[in-house]
Amino acid sequence: MLRAEELRKVFRTPRAGVVEAVRGATFEVAAGEVFGLLGPNGAGKTTLLRMLATIIVPTSGRCFVNGIAADEAPDQIRASIGFLSGNTRLYGRLTGREVLHYFGRLYGMRDRDIRGRVDEVSALLGMDEFINRRCDTLSTGQTQKVSIARVILHDPQVLILDEPTLGLDIMTSTAILSFISDARARGRAIIFSTHYMSEAEMLCDRVGLLHQGSLFAVDSKAALCEQSGTADLRAAFLKLVEERELPRP
Ligand SMILES: Nc1ncnc2c1ncn2[C@@H]1O[C@H](COP(=O)(O)OP(=O)(O)OP(=O)(O)O)[C@@H](O)[C@H]1O
Ligand SMILES: [Mg+2]
Numbered sequence: 000m001l002r003a004e005e006l007r008k009v010f011r012t013p014r015a016g017v018v019e020a021v022r023g024a025t026f027e028v029a030a031g032e033v034f035g036l037l038g039p040n041g042a043g044k045t046t047l048l049r050m051l052a053t054i055i056v057p058t059s060g061r062c063f064v065n066g067i068a069a070d071e072a073p074d075q076i077r078a079s080i081g082f083l084s085g086n087t088r089l090y091g092r093l094t095g096r097e098v099l100h101y102f103g104r105l106y107g108m109r110d111r112d113i114r115g116r117v118d119e120v121s122a123l124l125g126m127d128e129f130i131n132r133r134c135d136t137l138s139t140g141q142t143q144k145v146s147i148a149r150v151i152l153h154d155p156q157v158l159i160l161d162e163p164t165l166g167l168d169i170m171t172s173t174a175i176l177s178f179i180s181d182a183r184a185r186g187r188a189i190i191f192s193t194h195y196m197s198e199a200e201m202l203c204d205r206v207g208l209l210h211q212g213s214l215f216a217v218d219s220k221a222a223l224c225e226q227s228g229t230a231d232l233r234a235a236f237l238k239l240v241e242e243r244e245l246p247r248p
């Protein structure tokens with residue numbers, strides 16, 4: 000359903016010079032699959048997800064949703080994608096409900112459908128208690144729930160989530176993880192990044208390991224453990240990243 004072909008992103012900044020943030024990532028995420036993106040800070044996860052979500056244009060390479068190239072039909076692609084970025088901003092003076100209405104309209108939904116869907120999403124993510132409060136009065140976790148609700152409102156086929164559980168308590172992160180698992184059961188394709196190995200272990204059908212811009216391994220947890228001779232994903236991740244950091248003879 001989602002396919003990345005040789006995606007590359009090079010940033011050129013006056014100070015840092017040339018940064019090769021992603022160096023040729025190729026992989027697929029199928030319908031009904033959860034794909035986890037793991038990598039150290041600065042590895043290129045956010046950059047890769049932003050390219051998939053058509054927020055930034057790749058330096059080279061392409062992405063496809065259902066075989067349609069993102070650069071050929073950007074509007075159509077955006078309508079079938081929900082993207083949660085680390086710095087999604089809400090509108091402080093609006094209530095959660097108002098924000099969701101606003102985005103529902105942007106997604107081209109009808110008012111009647113929006114109302115029903117907002118109630119549904121609110122119940123799903125446990126937002127009823129605070130959905131009528133102004134966004135600038137919400138806690139971190141409550142804000143994150145509104146952000147996620149915004150992204151899933153139009154029930155997109157592809158979910159691209161950048162660290163969806165960052166800073167959340169275990170009840171809230173469990174609610175988000177079970178939402179992801181339900182979305183998989185409904186045939187959605189999901190890719191998400193995380194630093195929490197337990198989440199990836201629990202949820203992901205396959206995992207991609209990113210290190211200094213290179214997507215150097217894409218496989219199931221079991222295969223990565225076997226390849227690295229380790230018992231769990233955390234150990235496999237540490238070992239495989241460490242091997243790449245060793246000076247070459
Ligand atoms: N807009 C930009 N301009 C210049 N360099 C950038 C830009 N965005 C990202 N980078 C650089 O690209 C590299 C990858 O960054 P990215 O944010 O994708 O990493 P990440 O894997 O998401 O890290 P983290 O785990 O800390 O979120 C870093 O070296 C970063 O400094
Ligand atoms: Mg990031």
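Take 0 as the starting number for the sequence shown in numbering that gives the first Met the number 0 and just add one per residue. In this text, a Cβ means the ideal position worked out from N, Cα and C, and glycines have one as well.
| Item | Value |
| --- | --- |
| Collapsed DSSP secondary structure at T136 in the structure displayed | helix |
| Test item: CB-CB of C62 and A69 under 8 Å | yes |
| Nearest-angstrom beta carbon gap, L47 and V21 [assumed within contact, 8 Å] | 5 Å |
| Buried versus exposed, by CB contacts within 10 Å (16 or more), E241 | exposed |
| CA-to-CA distance, I54 to D74, given in whole angstroms | 12 Å |
| Proximal residues to T171 (C-beta, below 6 Å), its chain only, five neighbours per side dropped | G140 |
| Proximity of R254 and N131 at Cβ, strictly below 8 Å | It is not possible to answer for residue 254, since the shown part of the chain is limited to 0 through 248. |
| Short Cβ contact (8 Å threshold) for H210 with A42 | yes |
| Ordered list of beta strand (DSSP E) runs contained in the region 198-238, each at least 3 residues | 205-210 and 213-218 |
| 4 or more residues per run - each alpha helix (DSSP H) lying fully within the region 58-130 | 73-78, 95-105 and 110-124 |
| Reference R149, options L105, E162 and L137, closest by Cα | L105 |
| Anticipated Cβ contact below 8 Å, P151 with V120, distance rounded | The residue you asked about is not Pro; residue 151 is Ile in the sequence shown. Right, the Cβ-Cβ distance comes to about 6 Å (below 8 Å), so this counts as a contact. |
| Check: T45 C-beta below 7 Å from any heavy atom of ligand 2 | yes |
| Opening and closing residue of the beta strand (DSSP E) in which I159 lies | V157 to D161 |
| Rounded C-alpha distance that separates D181 from T173 | 12 Å |
| Ligand 1 heavy atom lying under 7 Å from the CB of T53 | no |
| Cα-Cα separation, L1 to F191 | 13 Å |
| heavy atom of ligand 2 below 7 Å from G207 C-beta | no |
| C-beta atoms of D161 and R92 nearer than 8 Å | no |
| Host beta strand (DSSP E) of T12 (start-end) | L1 to T12 |
| G212 CB to nearest heavy atom of ligand 2 below 7 Å | no |
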